[in-house]
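Basically the numbering used here = 1-based index in the sequence shown + 1.
Ideal Cβ placement from N, Cα and C applies to all residues, glycine included.
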Amino acid sequence: SVVSTQSTGYLQREIQKCHTFKSLDEELCLIPEEEWKTTEGGNPGGTKHQQMVRRLEWELEQRKGMKGKLETWEKTKRDLQTDIKKLEQYLNSLPPQLDELLASTTQVQDFLGLKMVQRRTQAEMSAWLPPELYNIYSQVVGYSEYLGSGAVVTINGDIERAKTNNDSSSDIDEPVEIEGKHSKRRSAAQDPGKKKVFKAHPLTVEVIVPCDDGVHAKVLFTYLLKLRIVTVGISLGHNFK
Numbered sequence: 002s003v004v005s006t007q008s009t010g011y012l013q014r015e016i017q018k019c020h021t022f023k024s025l026d027e028e029l030c031l032i033p034e035e036e037w038k039t040t041e042g043g044n045p046g047g048t049k050h051q052q053m054v055r056r057l058e059w060e061l062e063q064r065k066g067m068k069g070k071l072e073t074w075e076k077t078k079r080d081l082q083t084d085i086k087k088l089e090q091y092l093n094s095l096p097p098q099l100d101e102l103l104a105s106t107t108q109v110q111d112f113l114g115l116k117m118v119q120r121r122t123q124a125e126m127s128a129w130l131p132p133e134l135y136n137i138y139s140q141v142v143g144y145s146e147y148l149g150s151g152a153v154v155t156i157n158g159d160i161e162r163a164k165t166n167n168d169s170s171s172d173i174d175e176p177v178e179i180e181g182k183h184s185k186r187r188s189a190a191q192d193p194g195k196k197k198v199f200k201a202h203p204l205t206v207e208v209i210v211p212c213d214d215g216v217h218a219k220v221l222f223t224y225l226l227k228l229r230i231v232t233v234g235i236s237l238g239h240n241f242k
């Protein structure tokens, strides 16, 4: 009877193991069974075990197909990235080549009066003008080209300082020069507040207008950062450059 009790207990434990047994396929993320039955491989016939085997085989084939598509797309992605990199390298090599081309045609441009290099430089500098000066520059250039007045518009100054300029940067005492007038100012040590008030933008717009008898009028536009105003200096002379 002792042996029989031990055997019974052993069998009960084994039966319990069978009831609590979990197959690895139960941990897989499969599509819902009802959805699988609507597919070509979803044959509802046979036992549940046979249905699960067919379901797993179908899932395996689907995942193999998806893996193949993924590998194809990844290869396409790598090929596109390689092509894009080549195009970027090509585009990056164009500006130096264009600069060399423009430099080699400088004499021809001067002979034909094209001034392409000068126009390109001025266009780059105009992007760093304050809005007030840019409006003056663009309108005067437009009027000059449309009316053929012969006025010459030039942007002068330090473009590198203009790129890093702001209202509070740089404490260098730089007087605002107005053509045709002489202005004295105290040093920064004597009046630092005045220096900041009259601080000018690094770029200016200069307009030279031809008048009668070979006389030219030079108009200089300067923008004061703190006051947010444009000052105008005018002078008359010959052979302005």
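Residue from the options with nearest C-alpha to residue i
| i | options | result |
| --- | --- | --- |
| Leu103 | His217, Gln119, His239 and Gln90 | Gln119 |
| Leu225 | Gly10, Glu207, Lys196 and Ala218 | Lys196 |
| Ser236 | His217, Thr223, Ile230 and Arg229 | His217 |
| Trp59 | Thr48, Glu15 and Glu34 | Glu34 |
| Val153 | Ile160, Tyr144 and Glu161 | Tyr144 |
| Ile160 | Met126, Glu15, Glu133 and Ser139 | Met126 |
| Ile209 | Thr155, Lys86 and Thr165 | Thr155 |
| Met53 | Tyr135, Ile32, Pro96 and Ala201 | Ile32 |
| Thr122 | Gly158, Ser94, Leu81 and Glu133 | Gly158 |
| Ile230 | Lys219, Val220 and Ala201 | Ala201 |
Sequence-distant residues of the same chain with beta carbon closer than 7 Å to residue i, five excluded per side
| i | result |
| --- | --- |
| Gly151 | Pro211 |
| Val198 | Lys227 and Leu228 |
| Leu61 | none |
Status (buried if at least 16 other CB within 10 Å, exposed otherwise) for residue i
| i | result |
| --- | --- |
| Thr40 | exposed |
| Tyr91 | exposed |
| Val109 | exposed |
| Glu207 | buried |
| Tyr11 | exposed |
| Val141 | buried |
| Leu57 | exposed |
| Thr83 | exposed |
| Tyr138 | buried |
| Lys70 | exposed |
| Ala190 | With a pLDDT of only 45 at Ala190, under 50, the local geometry of the prediction cannot be trusted, and the value read off the model is given with reservation. Counting Cβ neighbours within 10 Å, Ala190 comes out exposed, since fewer than 16 surround it. |
Terminal residues of the beta strand (DSSP E) in which residue i lies
| i | result |
| --- | --- |
| His50 | Counting along the chain, His50 falls outside any beta strand (DSSP E), though it belongs to the alpha helix (DSSP H) covering Lys49 to Ser105. |
| Lys219 | His217 to Leu225 |
| Gly265 | Residue 265 lies beyond the stretch modelled for the chain, which goes from 2 to 242, so this question has no answer here. |
| Leu204 | Leu204 to Pro211 |
Bounding residues of the alpha helix (DSSP H) (the contiguous stretch that carries residue i)
| i | result |
| --- | --- |
| Pro132 | Pro132 to Leu148 |
| Lys164 | Ile160 to Lys164 |
| Lys38 | Glu34 to Lys38 |
Cβ-based neighbour list, residue i, same chain, cut-off 8 Å, excluding 5 preceding and 5 following
| i | result |
| --- | --- |
| His239 | Gly215, Val216 and His217 |
| Gly47 | Arg55 |
| Arg14 | none |
Cβ-based neighbour list, residue i, same chain, cut-off 6 Å, excluding 5 preceding and 5 following
| i | result |
| --- | --- |
| Ala163 | Trp129, Pro203 and Leu204 |
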